[in-house]
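Notes follow once the structure below has been shown.
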Ligand code: SF4
């Protein structure tokens with residue numbers, strides 16, 4: 004077992020036994036579950052909407068090169084610069100260069116999982132640049148020195164009392180502030196930063212190919228301020244975010260809002276098609292769009308797992324997953340957690356190092372059931388396991404155990420060998436790993452043949 008797997012199991016074991024953690028998660032996911040059915044009411048036929056969204060994403064991913072080039076052509080005619088980054092290092096190098104040339108000391112950032120993926124804040128800190136998270140949840144997490152816990156609600160594991168205590172400890176506010184008071188504190192601090200910042204960084208929820216724009220969805224208005232207030236706007240976006248047409252937005256915005264937070268439409272939806280144009284009063288003087296691969300073409304090249312690129316990062320599969328609800332978002336130690344994280348991380352960061360995540364699933368299929376773009380998540384988890392074995396990433400002990408199990412299961416003579424008591428002993432005591440996190444197996448004391456014979460003798 005590699006270090007990542009060992010750490011994952013250790014952290015999961017602790018979290019699964021933490022009842023206070025479970026209470027907070029159940030409370031917050033319970034609120035989510037209560038509002039999602041309300042959001043769904045806006046669709047005459049929600050399944051049809053999901054099918055259409057899936058088809059639009061299929062079209063985009065199958066013709067990724069065409070749509071990305073179309074986007075690049077359109078947005079560059081309005082003065083934006085598009086940079087293609089093969090990996091995190093290339094993306095960081097470009098950002099470092101842009102910051103250096105503009106003598107950037109402070110940078111404001113809206114919530115973006117891609118910037119988490121490339122560890123942008125860490126990179127900027129190393130280069131003496133203050134990077135300020137402007138989404139309230141991300142701001143809370145940054146104050147606490149923690150990565151986001153959830154791809155949509157980064158501080159989901161914290162109660163309002165936890166946040167009040169954190170603000171008192173880190174910002175010196177009075178203890179026990181209400182959520183409204185805490186929001187005002189953050190708002191006042193952040194407004195200052197928008198004014199100071201030379202550069203604003205955002206992600207994007209969608210790349211809209213036919214108009215050459217990026218679409219950003221948020222509830223606080225901070226992404227709008229981050230991209231419009233500073234003189235330079237950098238958008239960092241995974242290449243899979245592309246959708247063919249502006250018309251598709253009419254489908255994806257309500258779907259993302261409903262499955263992400265139970266809203267009909269998220270509060271602020273912005274489409275940015277370039278820097279400030281002649282005659283316009285608002286907006287940045289220059290705009291860069293970094294299109295990031297960072298392993299996504301590995302998924303594209305894999306016909307079985309490719310559909311995972313359809314993901315719109317709504318977070319619904321995390322909220323539905325019985326494993327996530329028990330071990331939480333930090334045990335994974337990866338940018339993307341929950342079912343979608345387990346599906347894509349082994350492809351983005353290496354099967355050898357992350358195949359254990361694909362095994363951390365009950366395969367109940369609840370994730371597939373709730374996914375708005377109908378990604379067959381639990382089937383891909385199985386496929387990942389299969390690939391791990393084919394690539395030789397499984398251990399010798401595991402291979403021997405399953406070969407033995409298969410041989411015994413296919414042979415009636417072997418199945419009939421020994422008593423139930425002996426089988427229990429072999430599985431529960433010899434294969435000790437089985438019972439580390441599971442209850443003991445209890446074999447029938449009689450074989451199937453014995454029971455069949457007895458039945459026919461009656
Ligand atoms: S896999 Fe589906 S449910 Fe999960 S985050 Fe992506 S779009 Fe949402």
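Numbering (my numbering), first residue to last: 4 to 461. Every residue gets a Cβ at the ideal spot worked out from N, C-alpha and C, and that includes glycine.
1. Taking the runs of the alpha helix (DSSP H) that are 4 residues or longer, which of them lie wholly in the segment 72 to 104?
2. Considering only C-alpha positions, which residue in the set 93, 349, 353 and 30 is nearest to residue 161?
3. Determine the closest residue to residue 421 out of 404, 190, 173 and 448, with distance taken between C-alpha atoms.
4. The alpha helix (DSSP H) that contains residue 361, what's its start and end?
5. Could you give the first and the last residue of the continuous beta strand (DSSP E) run that contains residue 241?
6. If you check the beta carbons only, do residue 42 and residue 224 fall under 9 Å apart?
7. In whole angstroms, what is the alpha-carbon distance linking residue 196 and residue 188?
8. Would you please state the rounded distance, in angstroms, between the beta carbons of residue 317 and residue 375? I believe it to be under 8 Å.
9. Rounded to the nearest angstrom, what separates residue 244 and residue 44 at their Cα positions?
10. Kindly examine the ligand SF4 and report whether one of its heavy atoms sits closer than 8 Å to the Cβ of residue 240.
11. Do the CB positions of residue 212 and residue 310 come within less than 9 Å of each other?
12. Taking the alpha carbon of residue 250 as the reference point, which residue from 281, 218, 267 and 271 has its own alpha carbon closest?
13. Within its chain, find whatever has a CB closer than 7 Å to the CB of residue 233; leave out the 5 residues flanking it on each side and keep chain order.
14. If we count Cβ pairs, one from each stretch, closer than 8 Å, do we get three or more for the segment 113 to 129 versus the segment 94 to 103?
15. Just curious, the beta strand (DSSP E) that residue 398 is in, first and last residue?
16. Whose C-alpha, out of 440, 222 and 457, is nearest the C-alpha of residue 16?
17. Identify every residue that forms a DSSP beta bridge with residue 291.
18. Three or more C-beta pairs under 8 Å: does that hold for the segment 23 to 40 against the segment 335 to 353?
19. So for residue 134, helix, strand or coil by DSSP?
20. Under DSSP, the alpha helix (DSSP H) around residue 56 begins and ends at which residues?
21. Curious, which full-length alpha helix (DSSP H) runs of at least 4 residues does the segment 296 to 366 contain?
22. Using the beta-carbon count (16 or more within 10 Å), is residue 141 buried or exposed?
23. Does any heavy atom of the ligand SF4 sit closer than 8 Å to the C-beta of residue 251?
24. Confirm, please, whether the CB-CB distance from residue 39 to residue 261 is below 9 Å.
25. For residue 390, which residues does DSSP report across the bridge?
26. Please classify residue 109: does DSSP put it in a helix, a strand, or coil?
27. Does any heavy atom of the ligand SF4 sit closer than 8 Å to the C-beta of residue 376?
28. Which of helix, strand or coil does DSSP assign to residue 419?
29. Contact check, residue 221 vs residue 308 under 8 Å by CB: the rounded distance?
30. I'd like to confirm something about residue 373: is its beta-carbon nearer than 8 Å to some heavy atom of the ligand SF4, or not?
31. Taking Cβ to Cβ, would you say residue 373 is nearer than 9 Å to residue 322?
32. Measuring straight from C-alpha to C-alpha, what distance separates residue 237 and residue 445?
33. Here's a check: name, in chain order, each residue in its chain whose Cβ is nearer than 6 Å to the Cβ of residue 63, leaving out the five neighbours to either side.
34. How many Å lie between residue 60 and residue 259 at the Cα?
35. What is the C-beta distance between residue 56 and residue 255, in whole angstroms, given that I count them as a contact (C-beta under 8 Å)?
36. Tell me, to the nearest whole angstrom, how far the beta carbon of residue 18 is from that of residue 330; I am working on the premise that it is less than 8 Å.
Taking the structure as given:
1. You should have 91 to 104.
2. In the chain shown, residue 161 corresponds to position 158, counting from 1. It is 30.
3. Your numbering for residue 421 matches position 418 in the chain shown. Selected option, being the one with the closest Cα: 448.
4. Taking the chain shown and counting its residues from 1, the one referred to as residue 361 is at position 358. 354 to 362 is the span of the alpha helix (DSSP H), which, as asked, contains residue 361.
5. Within the chain shown, the letter at position 238 stands for residue 241. Taken as a continuous stretch (DSSP letters only), the beta strand (DSSP E) holding residue 241 covers 235 to 241.
6. On the chain shown, position 39 is the one that residue 42 refers to. On the chain shown, position 221 is the one that residue 224 refers to. Residue 224 sits away from residue 42, with the two beta carbons spaced by 9 Å or more.
7. On the chain shown, residue 196 is found 193 positions in, with the first residue counted as 1. On the chain shown, residue 188 is found 185 positions in, with the first residue counted as 1. If I take the Cα positions, the gap works out to 13 Å.
8. Position 314 of the chain shown, counted from the start, is the residue given in the question as residue 317. Position 372 of the chain shown, counted from the start, is the residue given in the question as residue 375. Between residue 375 and residue 317 the Cβ distance is about 6 Å, and since that is below 8 Å, they are a contact.
9. As a working mapping, residue 244 is identified with position 241 in the chain shown. As a working mapping, residue 44 is identified with position 41 in the chain shown. Between residue 244 and residue 44, the C-alpha separation is close to 26 Å.
10. Residue numbering aside, residue 240 sits at position 237 when the chain shown is read from its first letter. Flag unset: Cβ of residue 240 not near the ligand SF4.
11. Looking up residue 212 in the chain shown gives position 209. Looking up residue 310 in the chain shown gives position 307. No, they are not a contact pair.
12. Stepping through the chain shown from its first residue, residue 250 is reached at position 247. The candidate whose alpha carbon is nearest that of residue 250 is 218.
13. What you label residue 233 is simply residue 230 of the chain shown in a count that begins at 1. Around residue 233: 111, 200, 201, 202, 203 and 287.
14. Yes, they touch.
15. Here residue 398 is taken as the residue at index 395 of the chain shown, counted from 1. Segment: none, residue 398 is in no beta strand (DSSP E) and carries neither H nor E.
16. Taking the chain shown and counting its residues from 1, one reaches residue 16 at position 13. Taking only the C-alpha atoms, the option nearest residue 16 is 440.
17. Within the chain shown, residue 291 is the residue found at index 288, counting from 1. According to DSSP, which records beta bridges pairwise, residue 291 is partnered with 84 and 237.
18. Flag = no, the segment 23 to 40 and the segment 335 to 353 do not touch.
19. Within the chain shown, the letter at position 131 stands for residue 134. Strand at residue 134.
20. Along the chain shown, read from residue 1 onward, the residue named residue 56 stands at position 53. Segment 49 to 65, the alpha helix (DSSP H) holding residue 56.
21. Runs of the alpha helix (DSSP H) inside the segment 296 to 366: 299 to 303, 319 to 323, 325 to 330, 341 to 352 and 354 to 362.
22. To locate residue 141, count along the chain shown from 1; it is residue 138. Taking a 10 Å sphere around the C-beta of residue 141, we find 16 or more other C-beta atoms and assign the residue as buried.
23. Against the chain shown, residue 251 aligns to sequence position 248. No; taking the cut-off as 8 Å, the Cβ of residue 251 has no heavy atom of the ligand SF4 nearer than that.
24. To locate residue 261, count along the chain shown from 1; it is residue 258. To locate residue 39, count along the chain shown from 1; it is residue 36. Yes, the Cβ-Cβ distance between residue 261 and residue 39 is below 9 Å.
25. For the purposes of this step, residue 390 is taken as the residue at position 387 of the chain shown. None, per the DSSP bridge assignment.
26. Locating residue 109 in the chain shown gives position 106, counting from the first residue. Residue 109 falls in the strand class under three-state DSSP.
27. What you label residue 376 is simply residue 373 of the chain shown in a count that begins at 1. Yes; taking the cut-off as 8 Å, the Cβ of residue 376 has a heavy atom of the ligand SF4 nearer than that.
28. For the purposes of this step, residue 419 is taken as residue 416 along the chain shown, with counting starting at 1. The answer is helix: DSSP assigns residue 419 an H, G or I state.
29. As a first step, residue 221 must be located in the chain shown, where it is residue number 218. As a first step, residue 308 must be located in the chain shown, where it is residue number 305. Not confirmed; about 29 Å, so no contact.
30. Position 370 of the chain shown, counted from the first residue, corresponds to residue 373. Residue 373 Cβ: within cutoff of the ligand SF4.
31. Numbered from 1 along the chain shown, position 370 holds the residue referred to as residue 373. Numbered from 1 along the chain shown, position 319 holds the residue referred to as residue 322. Yes. Within cutoff.
32. Here residue 237 corresponds to residue number 234 of the chain shown, with the count starting at 1. Here residue 445 corresponds to residue number 442 of the chain shown, with the count starting at 1. If I take the Cα positions, the gap works out to 59 Å.
33. Counted from its first residue, the chain shown places residue 63 at position 60. Take residue 63, set aside five residues on each side of it, and the residues of its chain with a beta-carbon closer than 6 Å to its own are 70, 245, 246 and 247, in chain order.
34. In the chain shown, counting from the first residue as 1, residue 60 sits at position 57. In the chain shown, counting from the first residue as 1, residue 259 sits at position 256. If you draw a straight line from the Cα of residue 60 to the Cα of residue 259, it comes to about 13 Å.
35. Here residue 56 refers to the residue found at position 53 when the chain shown is read from its first residue. Here residue 255 refers to the residue found at position 252 when the chain shown is read from its first residue. Indeed they touch by this definition, with Cβ atoms about 6 Å apart.
36. The residue given as residue 18 occupies position 15 in the chain shown. The residue given as residue 330 occupies position 327 in the chain shown. With 8 Å as the limit, residue 18 and residue 330 qualify as a contact, their Cβ atoms being about 5 Å apart.
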